[in-house]
Amino acid sequence: MPLTYYLWASPSTLLAKCWEIFLPTRNASSSDAGGRFSIHMANTILVGMQWGDEGKGKIIDVLTAGADIVVRSQGGNNAGHTVIHRGMKYVLHLIPSGILRHRKICVIGNGVVIDPVALVAEIDGLRQLRVKIDTNLLISDCAHLVLPYHRMLDEQRELRRGRIGTTKRGIGPAYGDKAARTGLRLSDLMQPIVFSKKLQAKIIENNRILQALGAKPISFRDVNETYVAAGEKLRPYVTNTVVYLHKAMDKGKQILFEGAQGTFLDIDHGTYPYVTSSNTTAGGACTGTGVPPHRMDRVVGVMKGYSTRVGDGALPTEDASFAQMLHNLGREFGATTGRKRRCGWFDAVATRYAGMINGIDEIAITNLDGLDQVDPIRVCVGYQLHGKRLDVPPCDATQLANCEPVYEEVPGWKTSIHRARKFSQLPSAARKYVRYISELTGAKLSMVSVGPARGETIVL
Ligand code: GDP
Ligand code: IMO
Ligand code: MG
Numbered sequence: 042m043p044l045t046y047y048l049w050a051s052p053s054t055l056l057a058k059c060w061e062i063f064l065p066t067r068n069a070s071s072s073d074a075g076g077r078f079s080i081h082m083a084n085t086i087l088v089g090m091q092w093g094d095e096g097k098g099k100i101i102d103v104l105t106a107g108a109d110i111v112v113r114s115q116g117g118n119n120a121g122h123t124v125i126h127r128g129m130k131y132v133l134h135l136i137p138s139g140i141l142r143h144r145k146i147c148v149i150g151n152g153v154v155i156d157p158v159a160l161v162a163e164i165d166g167l168r169q170l171r172v173k174i175d176t177n178l179l180i181s182d183c184a185h186l187v188l189p190y191h192r193m194l195d196e197q198r199e200l201r202r203g204r205i206g207t208t209k210r211g212i213g214p215a216y217g218d219k220a221a222r223t224g225l226r227l228s229d230l231m232q233p234i235v236f237s238k239k240l241q242a243k244i245i246e247n248n249r250i251l252q253a254l255g256a257k258p259i260s261f262r263d264v265n266e267t268y269v270a271a272g273e274k275l276r277p278y279v280t281n282t283v284v285y286l287h288k289a290m291d292k293g294k295q296i297l298f299e300g301a302q303g304t305f306l307d308i309d310h311g312t313y314p315y316v317t318s319s320n321t322t323a324g325g326a327c328t329g330t331g332v333p334p335h336r337m338d339r340v341v342g343v344m345k346g347y348s349t350r351v352g353d354g355a356l357p358t359e360d361a362s363f364a365q366m367l368h369n370l371g372r373e374f375g376a377t378t379g380r381k382r383r384c385g386w387f388d389a390v391a392t393r394y395a396g397m398i399n400g401i402d403e404i405a406i407t408n409l410d411g412l413d414q415v416d417p418i419r420v421c422v423g424y425q426l427h428g429k430r431l432d433v434p435p436c437d438a439t440q441l442a443n444c445e446p447v448y449e450e451v452p453g454w455k456t457s458i459h460r461a462r463k464f465s466q467l468p469s470a471a472r473k474y475v476r477y478i479s480e481l482t483g484a485k486l487s488m489v490s491v492g493p494a495r496g497e498t499i500v501l
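Sequential numbering of the sequence shown, starting at 42, is according to the working numbering.
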């Protein structure tokens with residue numbers, strides 16, 4: 042900023058500028074442990090722009106270098122976020138991926154649905170890998186619980202016609218109870234007598250449904266004992282996270298909101314009914330944490346250099362031989378269920394729409410190295426439905442399934458790129474490809490990931 046700017050600026054602008062100078066934690070740049078990245082941080086929402094598994098965990102891990110707090114706002118242990126660092130592989134389900142970095146606070150917000158037994162197991166598993174979890178984890182007392190009958194109902198529905206291909210973690214039934222106002226929350230679990238009473242009524246009700254579906258009833262006594270015990274283990278972390286986050290913001294702390302799933306799995310904007318049961322898009326970060334929209338500074342969208350989906354529902358650019366090639370390389374197996382992911386070409390109709398819904402400011406492209414040996418590379422630039430060209434995905438699942446992608450072909454680079462650390466070190470065809478798909482999506486390219494490890498990242 043030139044000095045003349047300060048001379049001509051109004052007193053209020055000057056005051057604001059002084060505030061920025063003396064409060065360097067807001068909009069500051071930070072470096073990661075290795076000092077290689079200079080990452081501009083501010084309150085940042087990170088979302089998946091496709092069908093989940095875009096590589097959000099990896100990008101969160103990189104961005105956490107510049108954040109103070111990492112927050113999950115929706116979803117549950119249906120998520121599987123992979124972080125690879127120093128040869129170790131960590132898969133996070135409920136705990137924010139920021140937990141792997143020193144001196145960062147991780148928050149599980151009110152919008153997340155928590156299976157307490159699964160969360161205790163995740164904490165124990167991370168501790169075995171020498172990850173420190175004590176005062177660096179906070180859990181909202183308003184978060185809803187996933188209980189065994191939710192999981193069993195999910196499993197039962199998946200045996201029937203109209204299945205979604207869920208993760209069978211009980212996510213849909215748990216959010217269903219929340220919307221029906223019959224759910225149990227962590228605040229209930231913190232009062233064992235209240236919890237037991239409510240749980241008993243819920244188990245009587247759900248056992249009737251389970252039996253009607255031909256499943257075994259569940260024992261109140263067993264569930265009560267196991268879940269109250271898990272609740273006691275979680276008690277030290279449970280608090281009002283809304284108040285915590287607001288106090289942190291008042292101190293100028295930087296928050297990173299870690300989205301789970303992806304835009305086209307969003308309950309409102311996704312490929313309904315083949316979606317998850319929460320708002321996976323940027324708005325979910327506000328409702329799921331109690332941080333209001335005007336405190337959000339930017340939205341980063343993560344997308345793969347191609348498309349993948351696990352579970353049922355349309356994937357317009359799906360290509361079985363492309364999927365086979367990726368699976369042969371040992372890539373694209375689900376981090377939560379181990380299922381083979383379906384794979385297809387990059388779909389700019391979808392990502393452009395995701396850019397709109399989420400208000401994407403910056404894009405991180407991951408798994409570019411998955412295209413190393415592909416030539417030519419296909420890019421979907423439009424859909425064709427009953428002879429008509431569409432530039433946005435139709436809302437109706439059957440119409441979407443009938444859409445024919447309109448492709449353009451671009452040259453591949455036919456060489457390994459995982460050693461590139463600067464944009465200029467990428468082959469020219471790879472540079473052109475990422476610029477092209479960012480342009481089609483309509484947002485600025487800020488990161489390119491060329492391998493699963495923290496260091497295998499190009500920050501532009
Ligand atoms: P998330 O759910 O969005 O966090 O993504 P997942 O962890 O479920 O799946 C992404 C997969 O891609 C994981 O196996 C990551 O380790 C891996 N990954 C992320 N970025 C890259 C990359 O640039 N190259 C390669 N080869 N793998 C990557
Ligand atoms: P991350 O955070 C990919 C999919 C399931 C299914 C649908 C509904 O790792 O990107 P659910 O169990 O939520 O009721 O399943 O959503 N799904 C995901 N797909 N990544 C995820 O999470 C997913 N979480 C749910 O496969 O199609
Ligand atoms: Mg995943």
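Where a beta carbon is used, it is the ideal one built from N, C-alpha and C, also for glycine. What you are looking at is a predicted structure, and each value in this text was computed from that prediction instead of being measured.
With DSSP as the reference, label residue i as helix, strand or coil.
i      : result
ARG249 : helix
VAL351 : coil
LEU286 : helix
PRO226 : Checking the sequence, you will find Arg at residue 226 rather than Pro. Strand.
VAL161 : helix
ARG171 : coil
ILE499 : strand
THR439 : helix
GLU196 : helix
THR482 : helix
LEU186 : strand
GLN295 : coil
ARG430 : strand
PRO277 : helix
VAL415 : coil
GLY272 : helix
MET90  : coil
GLN466 : helix
With a threshold of 6 Å on Cβ separation, who are the neighbours of residue i within its own chain once the five nearest residues in sequence on each side are excluded?
i      : result
ALA74  : Low confidence applies to ALA74: its pLDDT is 38, below 50, so where it sits in the model is not reliable enough to give any reading.
VAL264 : PRO189
LEU64  : The pLDDT assigned to LEU64 is 32, lower than 50, so where the model puts this residue is not dependable; a value taken from the coordinates is nonetheless given after this. Within the same chain, LEU64 has close Cβ partners GLY293.
GLY385 : SER348, LEU356, THR358, GLU359 and ASP360
SER318 : ILE212, GLY213, TYR216 and ILE308
Output the distance between the C-alpha atoms of residue i and residue j, rounded to the nearest integer angstrom.
i      : j      : result
GLY502 : TYR347 : The question about residue 502 has no answer, for the chain in this structure spans 42 to 501.
THR208 : THR377 : 8 Å
VAL279 : TYR285 : 11 Å
ILE140 : THR407 : 21 Å
LEU275 : VAL489 : 37 Å
ILE101 : GLN252 : 43 Å
ARG476 : GLU450 : 15 Å
GLU95  : MET344 : 5 Å
HIS143 : ARG201 : 46 Å
HIS335 : THR304 : 21 Å
MET337 : GLU163 : 29 Å
VAL341 : ILE245 : 45 Å
PHE387 : ALA323 : 21 Å
ALA289 : ILE478 : 37 Å
ALA364 : PHE236 : 46 Å
ARG204 : GLY354 : 10 Å
ASN281 : ARG262 : 29 Å
GLY379 : GLY206 : 13 Å
ASN443 : GLN425 : 9 Å
GLU445 : PRO435 : 12 Å
ILE398 : HIS368 : 31 Å
ARG430 : ARG382 : 28 Å
SER362 : VAL132 : 28 Å
ILE86  : GLY428 : 38 Å
Kindly say whether residue i, judged by its beta-carbon, lies nearer than 8 Å to any beta-carbon of chain D.
i      : result
ASP402 : Annotation note: the requested chain D is absent from the structure, which comprises a single protein chain.
Can you give me the Cβ contacts of residue i inside the same chain, cut-off strictly under 8 Å, excluding the 5 residues immediately before and after it?
i      : result
ALA219 : Strictly speaking, residue 219 in this sequence is Lys, with Ala absent from that position. These residues qualify, in order along the chain: VAL154 and HIS185.
ILE259 : PRO189, TYR190, MET193, ILE244, ASN247, ASN248 and LEU251
Residues in its own chain within less than 7 Å of residue i by CB, not counting five upstream and five downstream?
i      : result
ARG372 : GLY411
ASN118 : HIS134, LEU135, ASP156, ALA159 and ARG210
ALA256 : MET193 and GLN197
VAL491 : LEU409, ASP410, ILE458, HIS459, ALA461, GLU497 and ILE499
ALA389 : VAL420, CYS421, VAL422, ILE478, LEU481 and THR482
Following a CB-centred definition, is residue i positioned closer than 7 Å to any heavy atom of the ligand MN?
i      : result
THR378 : Absence of the ligand MN from the depicted structure is noted, with the ligand GDP, the ligand IMO and the ligand MG being the only ligands included.
Handout entry: Start-end ranges of the beta strand (DSSP E) lying completely within the region 299-374, minimum 3 residues
Key = You should have 339-345 and 348-350.
*asked:* Could you check whether the region 148-163 touches the region 121-129, counting it as contact only if at least three pairs of C-beta atoms, one from each stretch, sit closer than 8 Å?
replied: No contact exists between the region 148-163 and the region 121-129.
Check your understanding: How do the region 230-242 and the region 250-269 stand: do at least 3 beta-carbon pairs fall below 8 Å, yes or no?
Key -> As far as the Cβ criterion goes, the region 230-242 touches the region 250-269, which means the pair count is three or higher.
### Message
Going residue by residue through the region 98-142, where are the continuous beta strand (DSSP E) segments of at least 3 residues, counting only ones entirely within it?
### Response
As far as the region 98-142 is concerned, its whole beta strand (DSSP E) runs of at least 3 residues are 110-113, 122-126 and 129-133.
* For the 8 Å Cβ check, are there 3 or more pairs between the region 472-492 and the region 437-447? -> Because the criterion of three Cβ pairs below 8 Å is not met, the region 472-492 and the region 437-447 do not touch.
- Query: Is it true that the region 294-302 meets the region 99-109, where meeting means three or more beta-carbon pairs spaced less than 8 Å apart?
  - Reply: Cβ pair count under 8 Å is three or more, so yes.
Any chance the region 412-430 sits against the region 164-180, with 3 or more Cβ pairs inside 8 Å?
-> The region 412-430 makes no contact with the region 164-180: fewer than 3 CB pairs, one atom from each, lie closer than 8 Å.
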